[in-house]
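Structure first, commentary second.
Residue numbers (our numbering): 332 to 895.
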């Protein structure tokens, strides 16, 4: 069975959070936003003393950057573009920070191995995406920080007033950029919605529907995809890891709520159980295979690992040969650009709906998550202060406003802001920007804005990484899981889900026993108790059937014996 070079979580977040440049880099290319990114070695420098007696700069600092989102000056940007605004903002910051030089280097920050090597060798850029080193989840991110892969920026964060620049909902979601005891190791850069689907409104109207309800289920998805399929058009285009979208809504995943459980004090602190609810696995697999092999309502392939705006599934959507395609909200403006549509045209052409619920009303999806950037732990205090100041200025504060105003002042169209910079933002300007009279929620289009508001307003389920100590010993990898779900999704050979699920459980549990645990057993147990108590309360309110029919039996079987 083919094993992808990146797991679905890594590949998704790389594409979603790293923009098109990240996807290009991951494939071995180099990012060239607008065709104007300076080559490695290019610099941006503030005022320098030019003669004896001239005022000496306050500092002499060189910050090395690997590009997006911290570029040096763009060459010959067109007026009214993000690049032109960025240049103006960067010059403003450099003028206010004499002695600072920003140097472009040739480096791919989207490779975890390369980034670890660069940090260890002292050659890493001054900032880089936290999720790359933390597998884009809270436990992994907290573990990466515990390993010392990010600088502690608590003092610089406070000195530069970063908290005052953040959107309140972002400030209230710190688990991906702050430790449990309040130390800060990152700055939020983008808001990422739950995973969902873009749909063609014209195709939907053909079957008498205006919207897809946010409360839909995977069975609804099957029926809808079949109705939308006609001629050479499929109702759905879907990526290869489809079962890693369907099965988690049953609570079953590599880190699923009812397929993994804690065992403190027994080497690695987690074990797997894919047999207790194996009938649910079989049901989810059967649902997908019926769509793919029987209904023939899906365009998919075991090699379709990219469902970004640049992938095969999106291409089918653009061509009209698929009515729905997976994604996250950040792809909206990128897809508009790909199709050559204005934001208003894109809003009329397509809608966005959250991922379907499981049959018992459960979803593992968060309403949104925060993508943050960390800083090189080798930076000296003065370098770290300037690095944090620059990042915050350009993406959260006055520099961001300068960039946005350049777009509006030339185009006179607030929707061009949304088209150029993925909306909404982690700063306080998602609705109103000084000098821009149109609210950005209006500029983004009424349909898209309403969908995001509905998704972002959903209740947030607890995340275990917010409760337990960071575990630097990561434990078994997820390759066995992805091997199985890819095989189950696409093979035409006979297979036995129950037997293979038991084999996978045995493999992972045997591997887990070989890994040590580096966390305090009592602290882990205390955090686990709080986590499961909060999860029980959440499910009783928001997914009562799943609570009573799946969570509670699993808790009594696997968690209660160890934690009381």
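Just so you know, even glycine gets a beta-carbon here, dropped at the ideal spot from N, CA and C.
Quiz item: Taking Cβ to Cβ, would you say residue 791 is nearer than 7 angstroms to residue 392?
Solution: To locate residue 791, count along the chain shown from 1; it is residue 460. To locate residue 392, count along the chain shown from 1; it is residue 61. Contact: no.
Exercise. Taking residue 699 and residue 522 to be in contact with their CB atoms under 8 angstroms, please state how far apart those CB atoms are, rounded to whole angstroms.
Key: Start at 1 with the first residue of the chain shown, and residue 699 comes out as number 368. Start at 1 with the first residue of the chain shown, and residue 522 comes out as number 191. A Cβ-Cβ distance of about 5 angstroms is found for the pair residue 699 and residue 522, placing them in contact under the 8 angstroms criterion.
Quiz item: Does the Cβ of residue 383 have 16 or more other Cβ atoms within 10 Å, making it buried, or fewer, making it exposed?
Solution: Taking the chain shown and counting its residues from 1, one reaches residue 383 at position 52. For residue 383, the predicted structure reports a pLDDT of 35, less than 50, and the residue's modelled location is therefore unreliable. A value from the coordinates is still provided. With fewer than 16 Cβ atoms within 10 Å of its Cβ, residue 383 is classed as exposed.
Quiz item: Out of curiosity, what's the CA-to-CA distance linking residue 396 and residue 804?
Solution: Taking the chain shown and counting its residues from 1, one reaches residue 396 at position 65. Taking the chain shown and counting its residues from 1, one reaches residue 804 at position 473. The alpha-carbon atoms of residue 396 and residue 804 are separated by roughly 30 angstroms.
Quiz item: Excluding the five sequence neighbours on either side, which residues of its own chain have a C-beta within less than 7 angstroms of the C-beta of residue 848, listed in chain order?
Solution: To locate residue 848, count along the chain shown from 1; it is residue 517. Cβ neighbours of residue 848 within its own chain (closer than 7 angstroms, five residues either side excluded): 598, 599, 600, 802, 804.
Practice problem: Put residue 808 into one of helix, strand or coil per three-state DSSP. | Solution: Taking the chain shown and counting its residues from 1, one reaches residue 808 at position 477. Note: residue 808 maps to coil in three-state DSSP.
Quiz item: Straight-line CA distance for residue 890 to residue 627?
Solution: As a position in the chain shown, residue 890 is number 559, starting the count at 1. As a position in the chain shown, residue 627 is number 296, starting the count at 1. Looking at the two C-alpha atoms, the distance is approximately 41 angstroms.
Quiz item: For the segment 498-528, which segments carrying the beta strand (DSSP E) assignment without a break, of at least 3 residues, lie completely within its bounds, in sequence order?
Solution: Within the segment 498-528, complete beta strand (DSSP E) segments of at least 3 residues are found at 518-524, given in chain order.
Quiz item: So, is residue 546 buried or exposed, given that buried needs 16 or more other C-beta atoms within 10 angstroms?
Solution: The residue you call residue 546 lines up with position 215 of the chain shown. Result: exposed.
Quiz item: Within the chosen definition, does the segment 709-727 reach the segment 686-700 through at least 3 CB pairs nearer than 8 angstroms?
Solution: Between the segment 709-727 and the segment 686-700 there are fewer than three C-beta pairs closer than 8 angstroms, too few to call the two in contact.
Quiz item: Does DSSP classify residue 729 as helix, strand or coil?
Solution: Here residue 729 is taken as the residue at index 398 of the chain shown, counted from 1. Helix, per DSSP.
Quiz item: In or out: residue 414 buried (at least 16 other Cβ within 10 Å) or exposed?
Solution: Here residue 414 corresponds to residue number 83 of the chain shown, with the count starting at 1. Counting Cβ neighbours within 10 Å, residue 414 comes out buried, since at least 16 surround it.
Practice problem: Below 7 angstroms CB to CB, which residues in the same chain sit around residue 885 once its five sequence neighbours on both sides are set aside? | Solution: In the chain shown, the residue the question calls residue 885 occupies position 554. So the list reads 589, 607, once near-sequence residues are dropped.
Practice problem: Taking all protein chains shown into account, decide if residue 879 is buried (16 or more other Cβ within 10 angstroms of its Cβ) or exposed. | Solution: What you label residue 879 is simply residue 548 of the chain shown in a count that begins at 1. Exposed is the call here.
Exercise. Answer with buried or exposed for residue 538, where buried requires no fewer than 16 other C-beta atoms within 10 angstroms of its C-beta.
Key: Position 207 of the chain shown, counting from 1, holds the residue named residue 538. Its Cβ having fewer than 16 others within 10 Å, residue 538 is exposed.
Self-check item: Span of the beta strand (DSSP E), counted from its first residue to its last, around residue 862
Solution: Numbered from its first residue, the chain shown carries residue 862 at position 531. Taken as a continuous stretch (DSSP letters only), residue 862 belongs to no beta strand (DSSP E), being part of the alpha helix (DSSP H) at 852-873.
Quiz item: Does at least one heavy atom of the ligand HEM sit under 6 angstroms from the Cβ of residue 749?
Solution: In terms of ligand content, the structure shown is empty, and the ligand HEM therefore cannot be addressed.
Self-check item: Bridge partners - residue 702, DSSP secondary structure assignment
Solution: Residue mapping note: residue 702 aligns to position 371 of the chain shown, counting from 1. Partner residues in the beta bridge of residue 702, as assigned by DSSP, are 521.
Exercise. Whole angstroms is fine: what's the gap from residue 551's alpha carbon to residue 670's?
Key: By one-based count along the chain shown, residue 551 stands at place 220. By one-based count along the chain shown, residue 670 stands at place 339. Using only the alpha carbons, I get a separation of about 28 angstroms.
Quiz item: In this structure, does DSSP put residue 547 in helix, strand or coil?
Solution: As a position in the chain shown, residue 547 is number 216, starting the count at 1. Assigned with DSSP and collapsed to three states, residue 547 falls in coil, not helix or strand.
Quiz prompt | 8 angstroms Cβ shell around residue 828 - same chain, five flanking residues per side excluded | solution = Reading the chain shown from its first residue, position 497 is the one you call residue 828. Within the same chain, residue 828 has close Cβ partners 609, 612, 613, 616, 819.
Self-check item: Nearest to residue 622 (by Cα), restricted to the options 559, 580, 645
Solution: To locate residue 622, count along the chain shown from 1; it is residue 291. In terms of Cα proximity to residue 622, the closest of 559, 580, 645 is 559.
Quiz item: Considering only C-alpha positions, which residue in the set 841, 703, 513 is nearest to residue 459?
Solution: Here the question's residue 459 lines up with position 128 in the chain shown. Closest by alpha carbon: 703.
Quiz item: What span of residues does the beta strand (DSSP E) with residue 649 cover, start to end?
Solution: Numbered from 1 along the chain shown, position 318 holds the residue referred to as residue 649. Counting along the chain, residue 649 falls outside any beta strand (DSSP E), though it belongs to the alpha helix (DSSP H) covering 643-650.
Quiz item: CA-CA distance, residue 748 and residue 769?
Solution: Within the chain shown, residue 748 is the residue found at index 417, counting from 1. Within the chain shown, residue 769 is the residue found at index 438, counting from 1. Straight-line Cα distance between these residues: approximately 11 angstroms.
Quiz item: Would you report the Cα separation of residue 583 and residue 408, rounded to the nearest angstrom?
Solution: By one-based count along the chain shown, residue 583 stands at place 252. By one-based count along the chain shown, residue 408 stands at place 77. In this model, residue 583 and residue 408 are separated by some 49 angstroms (Cα to Cα).
Quiz item: Of all the options 473, 840, 374, 640, which has the alpha carbon lying nearest to the alpha carbon of residue 425?
Solution: In the chain shown, residue 425 corresponds to position 94, counting from 1. Closest in alpha carbon position to residue 425, among 473, 840, 374, 640, is 374.
Self-check item: Reduced DSSP secondary structure (H/G/I, E/B, other) of residue 463
Solution: Within the chain shown, residue 463 is the residue found at index 132, counting from 1. Helix, per DSSP.
Quiz item: With DSSP run on the structure shown, which of helix, strand or coil describes residue 570?
Solution: By 1-based counting over the chain shown, the position of residue 570 is 239. Look at residue 570 here: in three-state DSSP terms it is coil, with no helix or strand label.
Self-check item: Cβ contact (3+ pairs, closer than 8 angstroms) linking the segment 552-571 and the segment 648-658
Solution: Output reads yes: the segment 648-658 touches the segment 552-571.
Self-check item: Neighbourhood of residue 520 by C-beta, 7 angstroms cutoff - its chain only, sequence neighbours within 5 removed
Solution: On the chain shown, residue 520 is found 189 positions in, with the first residue counted as 1. Only 400, 702, 703, 704, 726, 757 meet the Cβ criterion.
Quiz item: Quick one: is residue 553 buried, meaning 16 or more other Cβ sit within 10 Å of its Cβ, or exposed?
Solution: Here residue 553 corresponds to residue number 222 of the chain shown, with the count starting at 1. Buried is the call here.
Quiz item: What are the start and end residues of the alpha helix (DSSP H) that includes residue 664?
Solution: The sequence position of residue 664 within the chain shown is 333, counting from 1. Start and end: 662-670.
Quiz item: Beta-carbon separation of residue 800 and residue 854 under 7 angstroms?
Solution: As a working mapping, residue 800 is identified with position 469 in the chain shown. As a working mapping, residue 854 is identified with position 523 in the chain shown. In this structure, residue 854 lies closer than 7 angstroms to residue 800 by Cβ.
Quiz item: With burial defined as no fewer than 16 other Cβ atoms inside 10 Å of the residue's Cβ, what is the status of residue 486: buried or exposed?
Solution: On the chain shown, position 155 is the one that residue 486 refers to. Exposed, by the Cβ-count rule.
Quiz item: Between residue 877 and residue 493, what straight-line distance do the alpha-carbon atoms span, to the nearest angstrom?
Solution: Walking along the chain shown from the start, residue 877 turns up at place 546. Walking along the chain shown from the start, residue 493 turns up at place 162. Approximately 40 angstroms, taken between the alpha carbons.
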